[in-house]
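Read through the structure below, which is laid out as structure tokens, and then see the notes.
Numbering (the numbering used here), first residue to last: 1 to 384.
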């Protein structure tokens, strides 16, 4: 294979320049995770569960775009759920849009989807050409402001992407003008988003991101309450650990879990972060959970344990499962959400805690629909 030295030099320059952007560290050096992000109960609420035997439903009904992927979900204070995903003729196509659907408390169906971001709208808002969009992330902060982070690329593949941001203050009815999240002073490329953001007591947000240009690694961006980048933290020195999910352990410490991408050890990775702004790069630990270069989602359960949605197989994405752990190191698969054969695909899970011991899971179902599952502690406890 012929190595393009100019491309490598360009990539090294991008990484070097990006490290010059550590602004506002003094404002965030005492950050603590918000109480709403922490698990304060050690018991389960199985008796309050409303769903003992969950049934799969689909958010996107037939008649939508032929290809959909990368779902995300968030919950407002009133219990309303909002879900988003991207869809078009295929991933990376010029007609891909980001769609939004809602489900109000007590409803069994999701609303008809609406478009909340498109390539054309983003091009106009940013006053720069956008070739493709993807990977949306929804996040409702303590003010019930809904943030939409999504990936945009003006040239090349996803490795040349940057992150674009919009927000809504009326439960997703209207959205602000899109703006680029500046993460590097040099071209501002090679930053992608996938994991769930985490809010701090101060209103700052920890946004998990990753890079795929020249080197593949995970980072955490610290944004102020208005969405401006204040600092960034490299999560691991090991290449091939991407799409981090950061899970708070207490007010300051956390654990980060990673998808492996091209690593010799095809496992879910984990590193321990002693502080929100830990300056030491975490030591990567391989878990016993196989990972076929596919996205994961990890949160704390209502009882304090860990819950992971993943494809725990060596190759393919035809099995989507839920695994639990007491310490984030030793895992046990307790439920199969989907269990089929290749080439079926059930991938890119996104998982959040709900109320009264409930959980909400959204995932790609064969690239044609977005699967949704609401389940409770009782169902998890009654394991395989």
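Using N, Cα and C, we set each Cβ at its ideal position, and we do this for glycine too.
Going by DSSP, what residue range makes up the alpha helix (DSSP H) through residue 121? Taking the first residue of the chain shown as 1, we reach residue 121 at position 121. 119-126 is the extent of the alpha helix (DSSP H) around residue 121.
So the candidates are 250, 291 and 277; which of them puts its Cα closest to the Cα of residue 270? Here residue 270 corresponds to residue number 270 of the chain shown, with the count starting at 1. The residue with the shortest Cα to Cα distance from residue 270 is 291.
Residue 56, DSSP secondary structure in three states: The sequence position of residue 56 within the chain shown is 56, counting from 1. Correct three-state label for residue 56: coil.
Inside the region 108-196 only - alpha helix (DSSP H) runs reaching at least 4 residues: 119-126
When you compare the CB of residue 166 with every CB in chain D, is at least one pair closer than 8 angstroms? This model lacks chain D altogether; it includes just one protein chain.
Going by C-alpha to C-alpha distance, which of 225, 177, 363 and 218 sits closest to residue 166? Walking along the chain shown from the start, residue 166 turns up at place 166. Nearest option by C-alpha distance: 177.
Rounding to the nearest angstrom, what Cα-Cα distance links residue 119 and residue 87 in this structure? In the chain shown, residue 119 corresponds to position 119, counting from 1. In the chain shown, residue 87 corresponds to position 87, counting from 1. In a straight line, the C-alpha of residue 119 is about 12 angstroms away from that of residue 87.
Cα-Cα separation, residue 337 to residue 127: Taking the first residue of the chain shown as 1, we reach residue 337 at position 337. Taking the first residue of the chain shown as 1, we reach residue 127 at position 127. Answer to the nearest angstrom: the Cα atoms are 43 angstroms apart.
For residue 163 and residue 144, I'd like the C-alpha separation in whole angstroms. The residue labelled residue 163 in the question sits at position 163 within the chain shown. The residue labelled residue 144 in the question sits at position 144 within the chain shown. Distance between the alpha carbons of residue 163 and residue 144 is about 21 angstroms.
For residue 85, report the span of its beta strand (DSSP E) as first-last. Stepping through the chain shown from its first residue, residue 85 is reached at position 85. Unbroken beta strand (DSSP E) run through residue 85: 81-88.
Have a look at residue 357 and residue 299 and give me their C-alpha separation to the nearest angstrom. Your numbering for residue 357 matches position 357 in the chain shown. Your numbering for residue 299 matches position 299 in the chain shown. Cα to Cα, residue 357 sits roughly 13 angstroms from residue 299.
From the DSSP output, which residues share a beta bridge with residue 345? Taking the chain shown and counting its residues from 1, the one referred to as residue 345 is at position 345. Answer is 317, bridged to residue 345.
At what residues does the beta strand (DSSP E) containing residue 201 begin and finish? Taking the chain shown and counting its residues from 1, the one referred to as residue 201 is at position 201. Counting along the chain, residue 201 falls outside any beta strand (DSSP E), and DSSP gives it neither H nor E.
From the DSSP secondary-structure annotation, give me the bridge partner or partners of residue 255. For the purposes of this step, residue 255 is identified with residue 255 of the chain shown, where counting begins at 1. DSSP, once it has assigned bridges, lists 247 and 272 as partnering residue 255.
Can you look up residue 294 in the DSSP assignment and give me helix, strand or coil? The residue labelled residue 294 in the question sits at position 294 within the chain shown. Coil, per DSSP.
State the start and end residues of the unbroken beta strand (DSSP E) segment that holds residue 338. Working through the chain shown from its first residue, we reach residue 338 at position 338. Note, residue 338: beta strand (DSSP E), 332-339.
Reference residue 115, options 262, 301 and 99, closest by Cα: The residue labelled residue 115 in the question sits at position 115 within the chain shown. Out of 262, 301 and 99, 99 has the C-alpha closest to the C-alpha of residue 115.
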